[in-house]
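S.K.: In terms of my numbering, the sequence shown opens at residue 7 and continues consecutively. Let me begin by handing over the structure; questions about it come next.
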Amino acid sequence: MRTPGCHVSSEDSQSAPPFIKNKSEQRLHYRLMHRVYKILRDDEWQVRYCRMNGNVALCAKLGLDSDGYVGTVDDERQIIYVDFREDVLSTVVHECLHIIIGDRYDASKKAYKAEEAEVQRLEKMMMQYMSRTQATRLHYLISDRLAPRKREQ
């Protein structure tokens with residue numbers, strides 16, 4: 007028997023997310039999850055796994071100023087690059103959030119920092135409240151969008 011006000015344990019339900027006290031946060035979580043699903047269902051977008059973190063040459067090729075990145079988005083080619091050695095789910099959610107809210111910010115460094123702070127806050131909230139069913143669905147959608155590996159010549 008469950009105590010009122012406690013979150014549902016994994017034994018009680020496979021797909022129930024942790025208890026969310028704030029209803030507006032709950033609505034935001036579900037709206038953002040559906041936007042992430044929509045991006046990953048879109049045939050135009052691809053996910054490409056690569057060894058990004060520590061790869062200075064690849065980061066330079068992608069236009070990144072350092073090698074500490076674990077994910078990035080190429081808006082022109084519509085590719086989400088993810089370092090498969092890191093937390094793939096969290097990274098894909100993070101990069102999809104950049105796609106979702108990126109239109110609100112200009113290209114200045116100050117605006118980029120504000121966008122990054124908002125994306126990190128939303129990513130943390132989404133990962134905290136993500137259910138097992140949502141995580142499973144996200145894995146399936148990511149696998150459907152995986153780009154074929156290009157051979158290095």
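Note that beta-carbon positions come from the ideal geometry of N, C-alpha and C, so glycine has one too.
1) Please return the same chain residues whose Cβ sits closer than 7 Å to the Cβ of Gln140, not counting the five positions on each side in sequence.
2) Quick one: what does DSSP say Asp150 is sitting in, helix, strand or coil?
3) With a Cβ-Cβ cutoff of 7 Å, do Val62 and Asp73 count as a contact?
4) Decide if Thr9 is buried, meaning its Cβ has at least 16 other Cβ atoms within 10 Å, or exposed.
5) Can you tell me the Cα-Cα spacing of Leu147 and Leu95, whole angstroms?
6) By a C-beta neighbour count over all protein chains shown, 10 Å radius and 16 as the cutoff for buried, is Asp89 buried or exposed?
7) Among Arg83, Glu92, Thr97 and His145, whose alpha-carbon lies nearest the alpha-carbon of Leu128?
8) Quick check: the Cα distance between Arg41 and Trp51, rounded to an integer number of angstroms?
9) The alpha helix (DSSP H) with Gln32 in it runs from where to where?
10) Label Tyr87 either buried or exposed according to how many other C-beta atoms from any shown protein chain fall within 10 Å of its C-beta, with 16 as the threshold for buried.
11) CB-CB under 6 Å to Arg54, same chain, minus the five flanking residues each way: which ones, in chain order?
M.R.: On the basis of the data shown:
1) Position 134 of the sequence shown, counting from 1, holds the residue named residue 140. Cβ neighbours of Gln140 beyond the five flanking positions: Met39.
2) Stepping through the sequence shown from its first residue, residue 150 is reached at position 144. In this structure, Asp150 counts as helix in the three-state DSSP scheme.
3) Your numbering for residue 62 matches position 56 in the sequence shown. Your numbering for residue 73 matches position 67 in the sequence shown. Annotated as proximal: Val62 and Asp73, with beta-carbon spacing under 7 Å.
4) Here the question's residue 9 lines up with position 3 in the sequence shown. The pLDDT assigned to Thr9 is 36, lower than 50, so where the model puts this residue is not dependable; a value taken from the coordinates is nonetheless given after this. Thr9 should be labelled exposed.
5) Position 141 of the sequence shown, counting from 1, holds the residue named residue 147. Position 89 of the sequence shown, counting from 1, holds the residue named residue 95. Distance between the alpha carbons of Leu147 and Leu95 is about 11 Å.
6) The sequence position of residue 89 within the sequence shown is 83, counting from 1. Result: buried.
7) Counting from one through the sequence shown, the residue named residue 128 turns up at place 122. Per the Cα distances, Thr97.
8) As a first step, residue 41 must be located in the sequence shown, where it is residue number 35. As a first step, residue 51 must be located in the sequence shown, where it is residue number 45. Using only the alpha carbons, I get a separation of about 13 Å.
9) The sequence position of residue 32 within the sequence shown is 26, counting from 1. Counting along the chain, Gln32 sits inside the alpha helix (DSSP H) bounded by residues Lys29 to Arg47.
10) Within the sequence shown, residue 87 is the residue found at index 81, counting from 1. Burial call: buried.
11) As a first step, residue 54 must be located in the sequence shown, where it is residue number 48. Around Arg54: Ile85, Tyr87 and Ala153.
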